[in-house]
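Numbered according to full-length UniProt numbering, the sequence shown spans residues 1 to 182.
See below for the structure under consideration.
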Amino acid sequence: MWKAPLPSDDDDGAPAGLPPHPDMKSHTDNLPALTPAFCFSTSTLKDFLRTSRATTDDTISQQLNTLSRPPSFNPATTTSRQPSHRLIPPNTLTAFLHSTLYPSWSTRTEVLSYCAHVASQPDPDDPSAPEIARENEAQGARTVDERLDPYSGRYFPKESRTEVLAGVVRNERGVEDIVRER
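Spelled out as structure tokens, the structure:
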């Protein structure tokens, strides 16, 4: 299936009335340019979120282990069992949270909020809108007699770009809730 290329800096790809997001680079350098074209490219949106989660949330245990210093060797402590966990100094933990974890979460929240806003706006540039309108009109004119054809009552309307995007954003927000709870 052919997909439109992502817009360049000159063309923001915004449908009428939707400007690009004003704080495109506010949190990190790898925050994508927030345009409606970015949001409507759901595979690109999902890839960004997956990569962000993989680099930050999936490695929290390893990153926390690097924050705590291992105890120095003391021969006197070898006769008794030592606790398997090490405490991380509170100021080190706070610095990690504010410099790494929270900015990543904030960036993903910003992207999902912007895309939810795009999904809630009408999309006059939807290339499939005429086709969807024709299908809905044809379905309305069709007579359904399930005694003659039991499958004639099945009609699965095609979703518009904004409906698809709204579903993706809803699912990704659910994933975010699970990741942050963990």
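Glycine included, every Cβ here is placed at the ideal spot set by N, Cα and C.
This one's a predicted model, so the numbers in the text were calculated from it and none came from an experiment.
Through-space distance from residue j to residue i, alpha-carbon basis
i: leucine 31; j: threonine 79; result: 52 Å
i: leucine 97; j: leucine 165; result: 30 Å
i: alanine 54; j: serine 72; result: 32 Å
i: lysine 3; j: leucine 45; result: Low per-residue confidence applies at lysine 3: pLDDT is 38, beneath 50, and the placement is therefore not dependable enough to give any value.
i: isoleucine 178; j: leucine 49; result: 14 Å
i: valine 118; j: leucine 64; result: 36 Å
i: leucine 112; j: glutamate 181; result: 18 Å
i: tyrosine 102; j: threonine 59; result: 14 Å
i: glycine 174; j: arginine 108; result: 13 Å
Residue i burial status per 10 Å Cβ neighbour count (16 or more: buried)
i: leucine 87; result: exposed
i: aspartate 47; result: exposed
i: leucine 36; result: Per the sequence presented here, residue 36 reads as proline, with leucine not at that position. Under this definition proline 36 is a buried residue.
i: glutamate 172; result: buried
i: serine 61; result: exposed
i: arginine 81; result: exposed
Close beta carbons around residue i, own chain, < 7 Å, minus the five adjacent residues each side
i: serine 104; result: Ser52 and Thr56
i: threonine 92; result: Leu67
Cβ-based neighbour list, residue i, same chain, cut-off 6 Å, excluding 5 preceding and 5 following
i: alanine 116; result: Val169
Rounded distance between the beta-carbons of residue j and residue i, thought under 8 Å
i: serine 160; j: aspartate 125; result: Between aspartate 125 and serine 160 the Cβ distance is about 11 Å, and since that is not below 8 Å, they are no contact.
Cutoff 8 Å; reference residue i; Cβ partners in own chain excluding five residues on either side
i: serine 120; result: Thr162 and Ala166
Jot down the residue ranges of each uninterrupted alpha helix (DSSP H) in the stretch 47-130, minimum 4 residues, whole runs only, in chain order. 60-67, 90-96 and 102-120
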